[in-house]
Amino acid sequence: RLREWHYNKNSMLELVRSQKAELPMVAGAEELIMSASDIISSEINRRTKAETISGKYEEIMNTTLGLKTKKQLSIYVNRWI
Numbered sequence: 002r003l004r005e006w007h008y009n010k011n012s013m014l015e016l017v018r019s020q021k022a023e024l025p026m027v028a029g030a031e032e033l034i035m036s037a038s039d040i041i042s043s044e045i046n047r048r049t050k051a052e053t054i055s056g057k058y059e060e061i062m063n064t065t066l067g068l069k070t071k072k073q074l075s076i077y078v079n080r081w082i
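All letters in the sequence shown, in the order written, are residues 2 to 82 by the numbering used here.
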């Protein structure tokens, strides 16, 4: 970002002033530390809620195979059984 600012011929002081300063934590606030299992369970809950809202099979593509491809697949699968 610094390089872009320099090549666009902008003032470095302006860049420093526009950057966000880190805010101190509020008294009584604690940093939330989550375990891996907590993160996974929250992701699963988030996904299931999203699926109920938008539909469970929204992203699944529906296609059919041609007859020639079906024959080739059946020959290949039956060969290894």
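Note that the Cβ used here is the ideal one computed from N, Cα and C, for glycine as well.
If you draw a straight line from the alpha carbon of residue i to that of residue j, how long is it in whole angstroms?
i     : j     : result
Ile45 : Glu15 : 44 angstroms
Pro25 : Leu33 : 15 angstroms
Arg48 : Met35 : 18 angstroms
Ala28 : Thr64 : 57 angstroms
Gly67 : Tyr77 : 15 angstroms
Leu74 : Ile40 : 40 angstroms
Lys21 : Ser12 : 17 angstroms
Ser43 : Arg18 : 38 angstroms
Lys69 : Arg80 : 17 angstroms
Please return the same chain residues whose Cβ sits closer than 8 angstroms to the Cβ of residue i, not counting the five positions on each side in sequence.
i     : result
Ser38 : none
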